[in-house]
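See below for the structure under consideration.
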Amino acid sequence: MSLLEIKVRQCLASNVFDAVYVSSDSEKGRLIAEKFGANFLHRPTRLCLDETPWSEVLTGVLQQLPEDDETLVAWCPPTSPLFSRYDEAVQQLSDQSEHDSLMTVTRFQHYFLGPDMLPLNFQFGVWASFSQKLRPLYQMNCALWLASKKSMLINRFQTGDNPYFMETSMIEGTDIDTMEEFELAQLLYTARNSPVAKKGI
99 MSLLEIKVRQ
109 CLASNVFDAV
119 YVSSDSEKGR
129 LIAEKFGANF
139 LHRPTRLCLD
149 ETPWSEVLTG
159 VLQQLPEDDE
169 TLVAWCPPTS
179 PLFSRYDEAV
189 QQLSDQSEHD
199 SLMTVTRFQH
209 YFLGPDMLPL
219 NFQFGVWASF
229 SQKLRPLYQM
239 NCALWLASKK
249 SMLINRFQTG
259 DNPYFMETSM
269 IEGTDIDTME
279 EFELAQLLYT
289 ARNSPVAKKG
299 I
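Letter by letter, the sequence shown follows residues 99 to 299 of my numbering.
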């Protein structure tokens, strides 16, 4: 099963979206959308190039979306196959009336060094603390963003002005950028969806 198939099935199974859209320039993408009953948006070639700025890709796709500006849009990348709690995310945003959007993050409490090899959240020597007492750092893990179409277009990003940060587990937040990450995600997805795992044994 492809990453796109996994993501379309997860979105549909959540029963929280009025419509699911697949944006792609691929014929395979169109066939997958049709197979599962999702809507297909043909993405122009210019919006598929590595050199095209992300803000142009985002706004280009949103402008194709046949929904009004106040529609809550969930941006669900197929490269995050281990996140599927869309119903919970929508409910969390609904419960946080002071926030206008949501993004998923992963909490890390490890010893981090910056590009200059200096500590970011701890100190060397006698000042070093146990990892459990470190100041945590958070990664925008790219599993999900929720915001109105209007907010995304204005900000040219997938959030509004005051996002709520939904914390996920490290496994849920797995984002595939490299072949090594793909292989890891494949192992985790297989393990989580095996008959034994589903029975909770």
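We put the CB at the ideal spot given by N, CA and C, even for glycine.
Exercise for the section: Could you say which of L242, F206, L101 and M215 lies nearest to Q230 if we only look at CA atoms? Expected result: F206
Exercise for the section: With a cut-off of 8 Å on the beta carbons, I'd call R107 and S122 a contact; round off their distance for me. Expected result: Contact flag wrong, Cβ pair sits at about 16 Å.
Practice task
Could you check what DSSP says for L180 in three-state terms: helix, strand or coil?
Solution key: coil
Handout entry: Close beta carbons around I269, own chain, < 7 Å, minus the five adjacent residues each side
Key = L180 and L286
Practice task
Using alpha carbons as the reference points, say which of Y236, S249, F115 and S178 lies closest to H197.
Solution key: S249
Handout entry: For V120 and V188, believed in contact at Cβ under 8 Å, the rounded distance
Key = Not a contact, Cβ separation roughly 20 Å.
Exercise for the section: Kindly list the residues whose CB is nearer than 6 Å to the CB of Y236, restricted to its own chain and excluding five residues on each side of it in sequence; keep chain order. Expected result: V203 and R205
Problem - Per DSSP, cross-strand counterpart(s) of Q237 - result: T204
Handout entry: Buried or exposed (CB count within 10 angstroms, at least 16 for buried), P89
Key = It is not possible to answer for residue 89, since the shown part of the chain is limited to 99 through 299.
Practice task
Within the same chain, show all residues whose beta-carbon is closer than 7 Å to that of A226, passing over the 5 residues directly before and after it, in chain order.
Solution key: F220
Handout entry: Expected contact under 8 Å - CB spacing of T169 and K247 to nearest Å
Key = 5 Å
Practice task
With a cut-off of 8 Å on the beta carbons, I'd call A111 and V171 a contact; round off their distance for me.
Solution key: Actually they do not touch by this definition, with Cβ atoms about 19 Å apart.
Problem - Beta-carbon spacing of V118, L139 below 8 Å - result: no
Exercise for the section: Kindly indicate which three-state DSSP category Y209 falls into: helix, strand or coil? Expected result: coil
Practice task
Return helix, strand or coil for L282, following the three-state DSSP convention.
Solution key: helix
Handout entry: Exposure label - L242; buried when at least 16 CB within 10 Å
Key = buried
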